[in-house]
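A.B. asks: There's a structure below that I have some questions on.
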């Protein structure tokens with residue numbers, strides 16, 4: 224299905240890190256990523272974090288063996304350093320007023336891999352747009368990659384098109400900590 228195109232590309236990235244003992248999924252929605260991972264044999268611990276109570280209720284109902292928490296990406300400062308082998312943040316950052324502070328916390332919380340997506344800003348493209356209840360922010364590759372911390376390298380960069388609106392190219396970043 225077209226709506227799964229973005230998720231499948233994230234799933235490919237997950238396979239690179241199947242040795243991670245735990246994953247934090249920020250913006251976990253209904254838990255779809257962990258269902259796919261379990262089908263592929265992922266055995267590690269999973270924690271989903273979302274701000275929407277109805278998504279979490281469904282996620283807990285559909286995935287009773289997993290951990291789902293109500294919370295906001297801007298509140299992860301209480302999570303310990305390098306607490307999760309992998310941190311994924313699909314389709315969340317582009318809806319925040321600013322991303323620098325959350326991204327710096329994400330680098331701190333992730334032990335091995337950090338994967339996230341933002342709307343791609345292209346020359347002449349918009350800086351932001353508001354569509355109904357959603358705030359959409361666009362970020363250039365130079366800006367986002369400039370937030371990389373010194374002990375991390377950019378392992379993979381991909382541009383895909385949003386399954387919701389083909390006018391919104393989405394940049395996916397995968398960073399890996401250099402040990």
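In the working numbering, the protein residues as written are 224 to 402.
By construction, the Cβ of each residue, glycine as well, lies at the ideal position given by its N, Cα and C atoms.
Computed from a predicted structure; not experimentally measured.
Starting from residue 255, trace the beta strand (DSSP E) in both directions and tell me its first and last residue.
C.D. replies: Counting along the chain, residue 255 falls outside any beta strand (DSSP E), though it belongs to the alpha helix (DSSP H) covering 255 to 262.
A.B. asks: Can you tell me the Cα-Cα spacing of residue 275 and residue 377, whole angstroms?
C.D. replies: Going from the Cα of residue 275 to the Cα of residue 377 covers about 30 Å.
A.B. asks: Look at residue 310 and residue 322 and say whether their C-beta atoms are less than 8 Å apart.
C.D. replies: Their beta carbons are not under 8 Å apart, which means residue 310 does not touch residue 322 by this criterion.
A.B. asks: Any chance you could list the beta strand (DSSP E) runs of at least 3 consecutive residues sitting entirely within the segment 285 to 372, in chain order?
C.D. replies: Runs of the beta strand (DSSP E) inside the segment 285 to 372: 290 to 293, 307 to 312, 333 to 343, 351 to 354, 357 to 362.
A.B. asks: Mind reading off the beta-carbon distance from residue 307 to residue 382? Whole number of angstroms is fine, and I expect it under 8 Å.
C.D. replies: In fact, because the Cβ distance is near 26 Å, the residues do not count as touching under 8 Å.
A.B. asks: Among the candidates 272, 326, 280, whose CA atom is the shortest distance from the CA of residue 292?
C.D. replies: Minimum Cα distance to residue 292 is reached at 272.
A.B. asks: Do residue 269 and residue 248 count as a contact pair if the criterion is CB distance below 8 Å?
C.D. replies: Yes. Within cutoff.
A.B. asks: Restricting to Cα atoms, I'd like to know which of 320, 395, 374, 379 is closest to residue 401.
C.D. replies: The option with the nearest alpha carbon to residue 401 is 374.
A.B. asks: When the distance is taken between beta carbons, is residue 296 closer than 8 Å to residue 315?
C.D. replies: Contact flag set, yes.
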